[in-house]
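Number of protein chains: 2
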Amino acid sequence: MSQDLILKNIAKHIDLDKEEETFFLSLIKNKEVDKKTLLLKEGQICKYINFVNTGALRAFHVDKTDKEATIMFALQDWWITDMYCFLNAKPAMVYIEAIEDSNILQLSKENLEKLYIKVPKFERFFRILMQNAYTREQLRIIENLTLTAEQRYEHFLLKYPRFAKAVSQKQIASYLGITPEFLSAIRKNKTKR
Amino acid sequence: MSQDLILKNIAKHIDLDKEEETFFLSLIKNKEVDKKTLLLKEGQICKYINFVNTGALRAFHVDKTDKEATIMFALQDWWITDMYCFLNAKPAMVYIEAIEDSNILQLSKENLEKLYIKVPKFERFFRILMQNAYTREQLRIIENLTLTAEQRYEHFLLKYPRFAKAVSQKQIASYLGITPEFLSAIRKNKTKR
DNA sequence: CGTCTATTTGAATGTACTCAAAAGCGGTGG
DNA sequence: CCACCGCTTTTGAGTACATTCAAATAGACG
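Each protein sequence line maps, in turn, to chains A and B.
Numbers given in our numbering equal positions in the first sequence, counted from 1, plus 2.
Numbers given in our numbering equal positions in the second sequence, counted from 1, plus 2.
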């Protein structure tokens, strides 16, 4: 339940003094969740941005035909939320699920606004976070547009070896935008060569 | 060559006083480009973030097999750059091209850093810009993962009617991640019904 | 141990691509 | 003003990539 990790995460981009650290921590809610718990369901208001202190989360969208699309995984030291709905206080389009027993640190929209007012440096912190998220997603789009499923799977393994170990094939398939059956076929072909 | 538009664009998210406006404008470079001019080529250092004052730009990636993937269009009042390379001073992965005669306002990385120091409110402005870009790309990924090409085309027309008028079918196809031939077939099917 | 879910396998199908060729369209120069 | 050029769009046939459905097998967990 230590809060070292989140402070270190913040220190990557901005410097806080003791008082600012204390204020920030006072705004954070600590939450223990078991594997398979849903932190957010479609249609709910997304109140929090979540920092993974320990464990792992997954954000996914479910369409009318019950097809899942994994939007992102978040392992230790990652931030995750349904950003659109968090920012605009709209009903969530995605589910966020614990894929392991996890310890999550939550920052609410209201507290984030307080934080921006009292410690404007956090504008910078979240700017950098958003920049990184944006460029990551942009790269993912390029890959989705130009690569075959097999190539995307290769890239995924190279870029996110931590994810590849932590999550099921079914979930990887839904991140890549293919069926579990086809991912299985891809893996079979790979070993054959 | 007026700078009203960019100031209005900024005023959507933060309030500047006269002095701050003047300082901001002093950092901006004005550029007129003809249709088909490349503002950025793959491999170059991406020095600027571009604001479209008049005209239209397109960012696209070209893979080993010469296949183009359009990353984004930017019409009047939009910001566009190769964000990853702009931020990290890396060689660009994308081309940015004028798809009409355009008037572009450019802000360099160095000047942006100056701006952050002298007018920290801009941290907020670009945070919001990045947030919006991020959530937009995330939505695009969900659509790419769950919808067929025809559905994606429908959404594109609904969401970006301005784009649909300004750009060629070939470019729309490369934004949707399909071949021009297949987009042509989709359009044929649509009218048939 | 039994149950539930994940993964694999294979056949049939559908979606989108490649290649080639024709038709359309816009700009440029004579 | 028209003829020509280059590029975009259309069309169609053949093919490749990826899905669906069903069933068998393997793993995880209480």
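In this text, a Cβ means the ideal position worked out from N, Cα and C, and glycines have one as well.
Would you kindly check if the distance between the Cβ of A/I188 and the Cβ of A/E152 is under 8 angstroms?
It is a contact, given that the beta carbons lie within the stated cut-off.
Say whether the segment 44 to 57 of chain B touches the segment 85 to 103 of chain B, bearing in mind that this needs 3 or more beta-carbon pairs closer than 8 angstroms, one atom from each stretch.
Yes, the segment 44 to 57 of chain B touches the segment 85 to 103 of chain B.
Would you report the Cα separation of A/I73 and B/K92, rounded to the nearest angstrom?
Roughly 26 angstroms separates the two Cα atoms.
Assess contact between the segment 158 to 167 of chain A and the segment 111 to 125 of chain A, defined as three or more Cβ pairs (one per stretch) separated by less than 8 angstroms. Is contact present?
With a cut-off of 8 angstroms, the segment 111 to 125 of chain A and the segment 158 to 167 of chain A do not count as touching, because too few Cβ pairs lie within range.
Would you check whether the ligand SAH has a heavy atom nearer than 7 angstroms to the C-beta of A/V169?
Inclusion of the ligand SAH in the displayed structure is not the case, the ligand content being empty and no account of it being possible.
Mapping DSSP to helix, strand and coil, what is A/H15?
A/H15: coil per DSSP, three-state reduction.
Tell me the rounded alpha-carbon separation between A/N11 and A/D19.
Near 15 angstroms, if we compare the C-alpha coordinates of A/D19 and A/N11.
I need the DSSP call for A/Y50, collapsed to helix, strand or coil.
A/Y50 falls in the strand class under three-state DSSP.
Got a sec, what are the start and stop residues for the alpha helix (DSSP H) A/A135 sits in?
Here the alpha helix (DSSP H) through A/A135 covers K123 to T148.
What span of residues does the alpha helix (DSSP H) with A/Q173 cover, start to end?
Where A/Q173 is concerned, the enclosing alpha helix (DSSP H) stretches over Q171 to L178.
By DSSP, does A/A187 sit in helix, in strand, or in coil?
Residue state, collapsed to three classes: helix.
Please determine, among A/C87, A/F25 and A/H157, the residue with the shortest C-alpha to C-alpha distance to B/Q140.
Closest by alpha carbon: A/C87.
Ignore the nearest five residues each way along the sequence and tell me which others in B/E34's own chain have a CB closer than 6 angstroms to its CB.
Once the five neighbours on either side are set aside, the close Cβ partners of B/E34 are N105.
Would you say A/L89 lies against chain B (beta-carbon separation less than 8 angstroms)?
Taking Cβ atoms only, chain B reaches closer than 8 angstroms to A/L89, which makes this a yes.
Our contact map puts B/E23 next to B/L9 with C-beta atoms below 8 angstroms; I'd like the distance itself, whole angstroms only.
Right, the Cβ-Cβ distance comes to about 6 angstroms (below 8 angstroms), so this counts as a contact.
Would you mind working out which of A/R142, A/L42 and A/A76 sits nearest A/A94, comparing C-alpha positions?
That would be A/L42, whose Cα lies nearest to the Cα of A/A94.
DSSP three-state label for A/L197, please.
A question about residue 197 of chain A goes unanswered here, because the residues of chain A that appear run from 3 up to 195.
In chain order, what residues of the same chain lie with their CB nearer than 6 angstroms to the CB of A/H15, ignoring the 5 residues before and after it?
Excluding sequence neighbours, A/H15 sits near F127 and I130.
Our contact map puts A/I51 next to A/L114 with C-beta atoms below 8 angstroms; I'd like the distance itself, whole angstroms only.
Right, their Cβ atoms sit about 7 angstroms apart.
Look up B/S104 in the DSSP assignment and say whether it is helix, strand or coil.
Strand.
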